[in-house]
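In what follows, a single structure is set out as structure tokens and then discussed.
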Amino acid sequence: MQAPSIGGVMLPRGKGEAIRLSRGASLTDFAEKINANPASLVQVMFNLGEMVTATQSVSDETLQLLGDEMNYTVQIVSPEEEDRELLESFDIEFGEDEGGEEALVKRPPVVTVMGHVDHGKTRLLDAIRKTNVIEGEAGGITQHIGAYQVSTEVNGDDRKITFIDTPGHEAFTAMRARGAKSTDIAILVVAANDGVMPQTVEALNHAKAAEVPIVVAVNKIDVEGADPTKVRGQLTEYGLVAEEYGGETMFVDISAKQGTNIDGLLEAVILTADAALDLRANPGQDAQGIAIEAHLDRGRGAVATVLVQRGTLRVGDTMVAGDAYGRVRAMLDDSGKNVYEAGPSTPVLVQGLTNVPGAGDNFLVVGEDRTARQIAEKRAARERNAAFAKRVRRVSLEDLDKVLKEGEIQQLNLIIKGDASGSVEALESSLLQLDVGEGVDLRVLHRGVGAVTETDIDLAAGSDAIIIGFNVRAEGRATQAAEREGVDVRYYSVIYQAIEEIEAALKGLLKPEYEEVELGTAEIREVFRSSKLGNIAGVIIRSGEVRRNTKARLLRDGRVVAENLNIEGLRRFKDDVTEIREGFEGGINLGNFNDIKIDDVIATYEMREKPRV
Ligand code: GDP
1 MQAPSIGGVM LPRGKGEAIR LSRGASLTDF AEKINANPAS LVQVMFNLGE
51 MVTATQSVSD ETLQLLGDEM NYTVQIVSPE EEDRELLESF DIEFGEDEGG
101 EEALVKRPPV VTVMGHVDHG KTRLLDAIRK TNVIEGEAGG ITQHIGAYQV
151 STEVNGDDRK ITFIDTPGHE AFTAMRARGA KSTDIAILVV AANDGVMPQT
201 VEALNHAKAA EVPIVVAVNK IDVEGADPTK VRGQLTEYGL VAEEYGGETM
251 FVDISAKQGT NIDGLLEAVI LTADAALDLR ANPGQDAQGI AIEAHLDRGR
301 GAVATVLVQR GTLRVGDTMV AGDAYGRVRA MLDDSGKNVY EAGPSTPVLV
351 QGLTNVPGAG DNFLVVGEDR TARQIAEKRA ARERNAAFAK RVRRVSLEDL
401 DKVLKEGEIQ QLNLIIKGDA SGSVEALESS LLQLDVGEGV DLRVLHRGVG
451 AVTETDIDLA AGSDAIIIGF NVRAEGRATQ AAEREGVDVR YYSVIYQAIE
501 EIEAALKGLL KPEYEEVELG TAEIREVFRS SKLGNIAGVI IRSGEVRRNT
551 KARLLRDGRV VAENLNIEGL RRFKDDVTEI REGFEGGINL GNFNDIKIDD
601 VIATYEMREK PRV
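Taking full-length UniProt numbering, the leading residue of the sequence shown gets 1, the next gets one more, and so forth.
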């Protein structure tokens with residue numbers, strides 16, 4: 001094939017060589033790699049049927065498509081991969097324990113509590129914390145730092161468990177989406193009086209996708225009508241078969257409210273960890289782990305709760321977390337006590353960072369302050385670049401109309417996320433069946449089950465799409481990302497509502513049709529001359545009503561003698577009024593138009609957008 005030539009300029013076609021591009025790169029980034037003019041790549045994409053601007057961040061597929069066309073092998077580098085390479089350039093490896101088998105020591109499991117709303121996740125986390133927080137002084141102040149550790153006795157041994165104190169799978173999945181594995185075991189809370197609900201299924205799917213073993217807490221057994229057996233039956237359908245039925249999942253009946261059988265649940269967590277997982281880490285190396293939560297504290301500056309995953313974190317260590325870095329000035333544990341070191345699976349609140357890392361950012365201790373600063377600065381620069389590349393105008397349902405009229409888009413791109421594949425498919429097929437008339441296309445770029453993620457936002461931002469969340473919400477940082485990127489995310493819980501709204505927006509997309517609606521007629525009975533205002537018509541309203549600031553035409557003997565006039569002034573006696581109704585007299589000023597005579601008729605009307613059917 002001949003190299004595409006744009007305006008006589010031959011484009012540098014490759015010979016199949018590989019080029020590496022960051023996920024979400026723009027055509028400008030692409031052009032830089034192959035030494036081409038970005039505008040010519042815009043043209044190439046246009047010829048391929050895609051309208052993208054040079055600086056807009058585009059999808060993996062678009063980059064691949066362009067690569068194929070230009071004869072380059074495009075390798076898309078994920079942010080995680082890029083970060084690994086960055087750390088490698090400092091000779092740091094993240095994620096693996098140093099040393100051999102003999103360096104590894106058993107560590108406590110880290111647990112996230114998930115389940116449907118109102119099934120008792122928060123109550124359970126409170127109940128566990130209240131009864132079991134290690135060395136928790138009676139009546140003492142416990143601090144919510146985003147995670148806590150409890151201890152429980154199993155087979156005569158004192159065992160610890162770390163709980164992530166943010167219930168729900170959203171945070172869990174947000175972290176996972178950023179490449180961080182925070183959780184070893186998921187407790188799936190199901191209310192025995194309510195049974196399996198949409199978010200129960202969603203949560204268990206997320207846990208399964210992350211290959212995290214599940215312990216089921218059948219909660220609210222104190223409530224009348226509670227049916228723990230039914231819950232076991234229902235979950236069988238989703239592959240969670242209770243041990244007592246020959247399966248591998250432990251089901252524990254509890255009441256979070258009354259504190260019933262919390263110990264039994266903790267024991268089940270330990271037993272599941274022992275049976276299914278080999279949880280060991282090297283406590284003897286520089287600490288690594290993830291940031292779980294972070295905020296700016298007025299007195300203490302940036303504080304971050306980190307979960308140590310391997311190594312031991314100590315006061316005085318130099319660390320980098322996301323694009324924050326600093327020396328650990330002080331550490332507090334979950335009971336608010338100062339601690340000086342924290343080993344694997346221990347959550348601690350760290351002070352001393354330059355700024356606030358994001359939840360799910362990894363942290364690591366490095367030997368030198370300078371290294372920490374350089375890593376943090378490189379990460380910050382990368383984020384800034386990515387954000388800059390994406391700063392283009394986005395489409396929202398409200399402004400679709402305008403954007404289309406300006407000819408900027410011809411189609412509405414949608415991303416559909418929902419709580420179940422059934423509802424997503426139902427919504428998609430109904431939307432695709434919408435008859436929206438000519439000139440406007442509706443395209444579903446992506447559909448999926450689960451919360452609206454940062455990846456969805458990125459995709460929407462890259463392709464000017466609108467996101468529909470059906471019975472799901474944006475998770476964690478996705479909300480901020482949507483705001484930052486200006487992506488319109490719409491939430492619905494009723495399918496037809498979603499369809500109605502999209503249909504309405506699409507109809508707005510089409511050029512609006514207007515029709516004239518007559519408002520009223522006024523017969524001129526007298527003409528007054530005013531030096532200031534020109535001629536004023538003394539009228540009687542014959543039909544309807546005459547309103548100020550509406551359009552009018554002038555009829556003489558039934559013939560239109562002037563069009564496009566304005567009711568600029570309207571008076572009754574000496575008062576300015578906004579309207580005069582049928583049968584009443586008043587004065588009308590038609591602005592600059594003075595050619596009025598007695599017996600002329602002023603007919604007023606307005607243009608109304610015709611509703612589409
Ligand atoms: P979440 O949305 O899953 O975090 O649910 P919450 O922990 O906020 O609990 C929802 C409601 O159920 C609250 O009013 C709790 O007090 C109540 N609840 C939680 N666990 C139990 C329980 O074991 N028994 C009873 N009767 N009510 C409970």
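Glycine residues also receive a C-beta, built at the ideal position from the N, C-alpha and C atoms.
How far does the beta strand (DSSP E) with residue i in it extend, from its first residue to its last?
i: K160; result: 157-164
i: P357; result: It is not in any beta strand (DSSP E) - P357 carries neither H nor E in the DSSP assignment.
i: G418; result: 411-418
i: R443; result: 441-449
i: F363; result: 362-366
i: F251; result: 251-253
i: A191; result: 185-191
i: Y491; result: 489-492
i: L21; result: 18-22
i: G336; result: It is not in any beta strand (DSSP E) - G336 carries neither H nor E in the DSSP assignment.
i: I580; result: 579-581
From residue i to residue j, what distance separates their C-alpha atoms?
i: L427; j: D274; result: 43 Å
i: I567; j: I602; result: 9 Å
i: I375; j: K337; result: 31 Å
i: Q258; j: V189; result: 15 Å
i: S345; j: D488; result: 38 Å
i: R310; j: A380; result: 25 Å
i: V223; j: K106; result: 39 Å
i: G95; j: Q351; result: 23 Å
i: A256; j: G450; result: 27 Å
i: A147; j: N193; result: 29 Å
i: T371; j: R484; result: 30 Å
i: E523; j: I541; result: 6 Å
i: E500; j: E516; result: 26 Å
i: Y491; j: Q199; result: 16 Å
i: T229; j: D165; result: 28 Å
i: E237; j: L86; result: 44 Å
i: E82; j: R382; result: 10 Å
i: F251; j: D419; result: 24 Å
i: T122; j: P167; result: 6 Å
i: L510; j: G558; result: For L510, the pLDDT reaches just 45, beneath the cut-off of 50, and the residue's location in the model is therefore unreliable, although a value from the coordinates is still provided. Computed Cα separation, rounded: 36 Å.
i: S530; j: M607; result: 30 Å
i: I598; j: L432; result: 59 Å
i: G8; j: S429; result: In this predicted model, G8 has a pLDDT of only 49, less than 50, meaning its place in the structure is not dependable enough to derive any value.
i: V52; j: F363; result: 36 Å
i: G156; j: E267; result: 11 Å
i: E475; j: D361; result: 16 Å
Return no unless some Cβ of chain C is closer than 8 Å to the Cβ of residue i.
i: L434; result: Any reference to chain C falls outside this structure, which holds one protein chain only.
State the beta-bridge partners of residue i as determined by DSSP.
i: K551; result: N566, Y605
i: E153; result: D158
i: R129; result: Bridge partners of R129: none, in fact.
i: I536; result: F528, N589
i: R382; result: BP columns for R382 are empty, so no partner.
i: L349; result: T305, L332
i: E202; result: According to DSSP, which records beta bridges pairwise, E202 is partnered with nothing at all.
i: E523; result: I540, V601
Could you please give the first and the last residue of the uninterrupted alpha helix (DSSP H) stretch that includes residue i?
i: E485; result: 477-485
i: N47; result: 38-47
i: I34; result: 27-34
i: E267; result: 262-276
i: D456; result: 454-463
*Would the segment 26-37 and the segment 57-76 be scored as touching if the rule is three or more Cβ pairs under 8 Å?*
yes
*Does the segment 538-550 come close enough to the segment 579-598 to have 3 or more Cβ pairs within less than 8 Å?*
yes
_What ranges does the beta strand (DSSP E) occupy inside the segment 55-95, keeping only unbroken runs of at least 3 residues that lie completely in it?_
73-77
_beta strand (DSSP E) segments (min. 3 residues) lying fully within the segment 278-328_ = 288-297, 301-310, 318-321
_Inter-stretch contact at 8 Å, needing at least 3 Cβ pairs: the segment 86-95 / the segment 142-161_ = In short, these stretches do not touch, since the Cβ pair count stays below three.
*Within the chosen definition, does the segment 224-244 reach the segment 46-66 through at least 3 CB pairs nearer than 8 Å?*
no
_Would the segment 485-500 count as touching the segment 571-581 if we require 3 or more Cβ pairs under 8 Å?_
no
*Write down every uninterrupted run of the alpha helix (DSSP H) in the segment 209-243 whose length is 4 residues or greater and which is fully enclosed by it, in chain order.*
228-236
*Spell out a yes or no on whether the segment 109-121 and the segment 214-223 are touching, meaning 3 or more CB-CB pairs, one atom from each, closer than 8 Å.*
yes
*Tell me, please, whether the segment 319-332 touches the segment 350-368 by the rule of three or more beta-carbon pairs shorter than 8 Å.*
By the Cβ test, the segment 319-332 is in contact with the segment 350-368, since at least three Cβ pairs between them sit closer than 8 Å.
_Three-pair Cβ contact test at 8 Å for the segment 415-425 versus the segment 453-465_ = yes
*Contact between the segment 272-290 and the segment 201-210: three or more CB pairs below 8 Å?*
no
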